[in-house]
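Asks:
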Amino acid sequence: MASARVVETLARTGGFGTRVARRRLLETFQHILDVTEGVESMKPPGGRGWRSTVRVRFLHGMVRRRILGLSKKKKEDGRGGGYYDAEKLGVPINDLDSIGTIASFSSALIWMGLPRQGIFLTSQEIKDYLALWRYVAYLIGVPDTITITIPSSSSDGHSTQRKITPFGSAQEAKMVIESIMLSELSDPSETSAVLANNIIAALANQPPLRSSASFLRAQAYWLNGSSLCQTLKIPKPPVFYKMLVGSQCSFFMVFCYLRQMHYLLLRWVPPWDSNEKNDEEGGVTAGQTQERYKRVRRLMRNVVVEMAGGKEAEFGFEWVPERGKYTGSERGEEDEEEGDGKGKGRLRRKGWWEWIVSRNGGSEFRSLKTFLVASTVVGCLVWIGVRGLLFGTMPLFRR
19 MASARVVETL
29 ARTGGFGTRV
39 ARRRLLETFQ
49 HILDVTEGVE
59 SMKPPGGRGW
69 RSTVRVRFLH
79 GMVRRRILGL
89 SKKKKEDGRG
99 GGYYDAEKLG
109 VPINDLDSIG
119 TIASFSSALI
129 WMGLPRQGIF
139 LTSQEIKDYL
149 ALWRYVAYLI
159 GVPDTITITI
169 PSSSSDGHST
179 QRKITPFGSA
189 QEAKMVIESI
199 MLSELSDPSE
209 TSAVLANNII
219 AALANQPPLR
229 SSASFLRAQA
239 YWLNGSSLCQ
249 TLKIPKPPVF
259 YKMLVGSQCS
269 FFMVFCYLRQ
279 MHYLLLRWVP
289 PWDSNEKNDE
299 EGGVTAGQTQ
309 ERYKRVRRLM
319 RNVVVEMAGG
329 KEAEFGFEWV
339 PERGKYTGSE
349 RGEEDEEEGD
359 GKGKGRLRRK
369 GWWEWIVSRN
379 GGSEFRSLKT
389 FLVASTVVGC
399 LVWIGVRGLL
409 FGTMPLFRR
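Take any residue in the sequence shown, note its place counting from 1, add 18, and you have its number in my numbering.
The structure is reproduced here in structure tokens:
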């Protein structure tokens with residue numbers, strides 16, 4: 019949402035108002051689940067991920083054609099010009115926009131999203147993940163090669179041009195996301211701020227996690243940084259919610275590495291039964307592990323489809339750009355309840371016990387439990403260390 023050009027297209031589709039943004043995001047999440055389901059899912063022509071990606075490409079083409087068609091009309095819509103200024107904003111959903119979209123699902127996750135949660139991928143995992151999204155980029159219509167300009171580090175000021183393959187390697191993918199951040203995300207517009215806050219309002223207090231707006235804002239600050247969030251006019255969350263997000267990231271980090279250690283143990287530790295094959299040969303252990311992952315993916319997909327209305331996303335031309343349709347700022351119910359943003363929020367007006375009961379079972383309550391358990395463990399370790407230090411040094415003072 020930080021790209022001032024991209025949000026002008028999104029705002030004209032009408033799919034990011036507070037009443038519809040949640041379903042719109044769930045459809046995008048369903049596409050991600052389809053793509054990452056497995057190798058078979060990306061095989062043409064029957065793979066679920068392949069079908070979803072091709073449909074998304076057709077949808078992009080219809081939106082592009084519709085907006086360009088409306089922009090050619092001479093009638094003005096009251097915004098100081100035509101419906102869409104293609105000369106200033108560029109062709110809607112152009113190659114650069116498509117590259118930025120793929121980068122947000124791949125490069126941004128690898129070098130920003132996961133590291134800020136304490137999770138770091140191996141070089142082989144990065145290579146494999148980029149290979150998947152490189153194929154998705156190919157299906158979406160991203161060019162095989164692009165030309166980038168590299169500024170000169172010397173005083174002569176001469177820059178050099180270089181052709182690269184987007185997402186062809188880790189170095190090229192990182193180069194692409196860094197270039198996009200400098201050129202596209204450094205100066206968000208007023209519309210960027212409107213859509214970003216609309217998304218938070220649309221997701222607040224929704225099942226199954228029922229995260230509050232303050233918790234979602236704290237997540238945005240944690241993952242995107244204070245500078246970008248303040249530019250997007252996202253209200254600064256209380257310290258309590260930042261603490262909860264830190265606990266959530268710690269939970270994800272520990273869970274991720276414990277699962278990785280479990281998988282490595284399954285591969286390295288010899289089986290108890292001599293007749294059982296090891297993991298590399300596709301024996302019982304590997305089969306059970308893969309089947310468990312498949313069950314989790316199926317469960318997650320079913321939950322997403324159910325939250326989206328019980329119908330799988332077909333990525334049809336539902337959000338049709340129309341003259342006069344432009345997504346504006348909309349206040350959610352929780353924004354009205356949380357006060358003026360100066361510390362008189364919902365948490366302070368409610369009692370702690372009432373807050374705990376209302377958040378029981380959600381992500382905030384789980385993060386609070388993680389924080390309390392971690393604090394107890396750290397406190398016990400500190401107490402043991404201090405106690406050992408005191409008992410160890412006490413005989414020296416007695417002498």
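Note that the Cβ used here is the ideal one computed from N, Cα and C, for glycine as well.
Strictly by DSSP, which residues pair up with glutamine 179?
Replies: Here residue 179 refers to the residue found at position 161 of the sequence shown. BP columns for glutamine 179 point to Thr167.
Asks: Under a three-way DSSP split, which group does serine 204 fall into?
Replies: Working through the sequence shown from its first residue, we reach residue 204 at position 186. Note: serine 204 maps to coil in three-state DSSP.
Asks: Go ahead and label alanine 149 buried or exposed: buried means 16 or more other beta carbons lie within 10 angstroms of its beta carbon, across all protein chains shown.
Replies: Working through the sequence shown from its first residue, we reach residue 149 at position 131. Classification of alanine 149: exposed, given that the 10 Å Cβ count is below 16.
Asks: If we count the other Cβ atoms within 10 Å of its Cβ and call it buried at 16 or more, is arginine 66 buried or exposed?
Replies: On the sequence shown, residue 66 is found 48 positions in, with the first residue counted as 1. Buried, since its Cβ has 16 or more Cβ neighbours within 10 Å.
Asks: Mind reading off the beta-carbon distance from phenylalanine 34 to isoleucine 217? Whole number of angstroms is fine, and I expect it under 8 Å.
Replies: Here residue 34 is taken as the residue at index 16 of the sequence shown, counted from 1. Here residue 217 is taken as the residue at index 199 of the sequence shown, counted from 1. Their Cβ separation, rounded to whole angstroms, is 7 Å, which keeps phenylalanine 34 and isoleucine 217 in contact under 8 Å.
Asks: Would you please state the rounded distance, in angstroms, between the beta carbons of leucine 439 and arginine 30? I believe it to be under 8 Å.
Replies: For the chain, the structure presents residues 19 to 417; residue 439 sits outside this window and is missing.
Asks: Is it true that the CB of proline 206 sits closer than 8 Å to the CB of valine 321?
Replies: Here the question's residue 321 lines up with position 303 in the sequence shown. Here the question's residue 206 lines up with position 188 in the sequence shown. In this structure, proline 206 does not lie closer than 8 Å to valine 321 by Cβ.
Asks: To the nearest whole angstrom, what separates the beta carbons of asparagine 223 and serine 232, a pair I think is in contact under 8 Å?
Replies: Looking up residue 223 in the sequence shown gives position 205. Looking up residue 232 in the sequence shown gives position 214. So it is not a contact: roughly 11 Å between Cβ atoms.
Asks: Is the stretch 129–146 touching the stretch 35–51 in the sense that three or more CB pairs, one from each, lie closer than 8 Å?
Replies: no
Asks: Quick one: give me the first and last residue of the alpha helix (DSSP H) that asparagine 13 is part of.
Replies: Given that the chain is displayed from residue 19 to residue 417, the structure contains no residue 13 and the question cannot be resolved.
Asks: Do isoleucine 166 and arginine 152 have their CB atoms nearer than 8 Å?
Replies: Here residue 166 is taken as the residue at index 148 of the sequence shown, counted from 1. Here residue 152 is taken as the residue at index 134 of the sequence shown, counted from 1. In this structure, the beta-carbon distance from isoleucine 166 to arginine 152 does not fall below 8 Å.
Asks: Given this structure, state the Cα-to-Cα distance separating methionine 271 from methionine 261, to the nearest angstrom.
Replies: One-based indexing of the sequence shown puts residue 271 at position 253. One-based indexing of the sequence shown puts residue 261 at position 243. Between methionine 271 and methionine 261, the C-alpha separation is close to 15 Å.
Asks: Tell me which residues share the same chain as lysine 312 and place their Cβ nearer than 6 Å to its Cβ, disregarding the 5 neighbours each side in the sequence.
Replies: Indexing the sequence shown from 1 puts residue 312 at position 294. Result list for lysine 312: empty, nothing under 6 Å.
Asks: On the criterion of 16 or more Cβ atoms from any shown chain inside 10 Å, does glutamate 324 qualify as buried, or is it exposed?
Replies: Looking up residue 324 in the sequence shown gives position 306. It counts as exposed.
Asks: Is it true that the stretch 273–280 meets the stretch 395–402, where meeting means three or more beta-carbon pairs spaced less than 8 Å apart?
Replies: No, the stretch 273–280 is not in contact with the stretch 395–402.
Asks: Sorted by chain position, which residues of the same chain lie with C-beta nearer than 7 Å to leucine 44's C-beta, five sequence neighbours on each side aside?
Replies: The count along the sequence shown starts at 1 and reaches residue 44 at position 26. For leucine 44, where only same-chain residues beyond five positions count, the Cβ hits under 7 Å are Val322, Met325, Ala326.
Asks: Expressed to the nearest angstrom, what Euclidean distance is found between the alpha-carbon atoms of aspartate 358 and glycine 346?
Replies: Walking along the sequence shown from the start, residue 358 turns up at place 340. Walking along the sequence shown from the start, residue 346 turns up at place 328. Because aspartate 358 carries a pLDDT of 42, less than 50, the predicted location of this residue cannot be relied on, and no value is offered for it.
Asks: Count the other CB atoms within 10 Å of the CB of arginine 310; is the residue buried (16 or more) or exposed (fewer)?
Replies: Here residue 310 corresponds to residue number 292 of the sequence shown, with the count starting at 1. When all chains shown are included, arginine 310 counts as exposed.
Asks: Do serine 244 and lysine 192 have their beta-carbon atoms positioned less than 8 Å apart in this structure?
Replies: Position 174 of the sequence shown holds residue 192. Position 226 of the sequence shown holds residue 244. Cβ atoms of lysine 192 and serine 244: not closer than 8 Å.
Asks: Note down the Cα distance separating glutamate 351 from alanine 219, rounded to an integer number of angstroms.
Replies: The residue you call residue 351 lines up with position 333 of the sequence shown. The residue you call residue 219 lines up with position 201 of the sequence shown. Bear in mind that the predicted position of glutamate 351 carries a pLDDT of just 49, short of 50, making it too unreliable to give a figure here.
Asks: If distances are taken between C-alpha atoms only, which option among Arg82, Met60, Arg75, Val57 comes closest to leucine 28?
Replies: Here residue 28 is taken as the residue at index 10 of the sequence shown, counted from 1. Nearest option by C-alpha distance: Arg82.
Asks: Whole angstroms is fine: what's the gap from threonine 249's alpha carbon to tryptophan 401's?
Replies: In the sequence shown, residue 249 corresponds to position 231, counting from 1. In the sequence shown, residue 401 corresponds to position 383, counting from 1. About 43 Å.
Asks: In whole angstroms, give me the CA-to-CA distance for tyrosine 102 and isoleucine 117.
Replies: Position 84 of the sequence shown holds residue 102. Position 99 of the sequence shown holds residue 117. Distance between the alpha carbons of tyrosine 102 and isoleucine 117: 22 Å.
Asks: Does glutamate 354 come out as helix, strand or coil in the three-state DSSP assignment?
Replies: To locate residue 354, count along the sequence shown from 1; it is residue 336. Because the pLDDT of glutamate 354 is 44, which lies under 50, any placement of that residue in the model is unreliable, and the number read from its coordinates should be weighed accordingly. In the structure shown, glutamate 354 sits in a helix (DSSP, three-state: H, G or I).
Asks: So the alpha helix (DSSP H) isoleucine 120 belongs to, where does it begin and stop?
Replies: As a first step, residue 120 must be located in the sequence shown, where it is residue number 102. The continuous alpha helix (DSSP H) containing isoleucine 120 extends over residues 113–123.
Asks: So what does DSSP say about alanine 104, is it helix, strand or coil?
Replies: What you label residue 104 is simply residue 86 of the sequence shown in a count that begins at 1. DSSP places alanine 104 in helix when its eight states are reduced to three.
Asks: Indicate the three-state DSSP secondary structure (helix, strand or coil) for tyrosine 344 in the structure shown.
Replies: Position 326 of the sequence shown, counting from 1, holds the residue named residue 344. Annotated three-state conformation of tyrosine 344 is coil, per DSSP.
Asks: Could you give the first and the last residue of the continuous alpha helix (DSSP H) run that contains isoleucine 158?
Replies: Within the sequence shown, residue 158 is the residue found at index 140, counting from 1. Unbroken alpha helix (DSSP H) run through isoleucine 158: 141–158.
Asks: Are the CB atoms of arginine 315 and glutamate 55 nearer to each other than 8 Å?
Replies: As a working mapping, residue 315 is identified with position 297 in the sequence shown. As a working mapping, residue 55 is identified with position 37 in the sequence shown. Contact: yes.
Asks: Helix, strand or coil for leucine 77? Go by DSSP, reduced to three states.
Replies: For this step, residue 77 is matched to residue 59 along the sequence shown. The answer is helix: DSSP assigns leucine 77 an H, G or I state.
Asks: At a threshold of 7 Å, does proline 339 count as lining the ligand NAD (C-beta to nearest heavy atom)?
Replies: What this structure holds is no ligand at all, so the ligand NAD is not there to describe.
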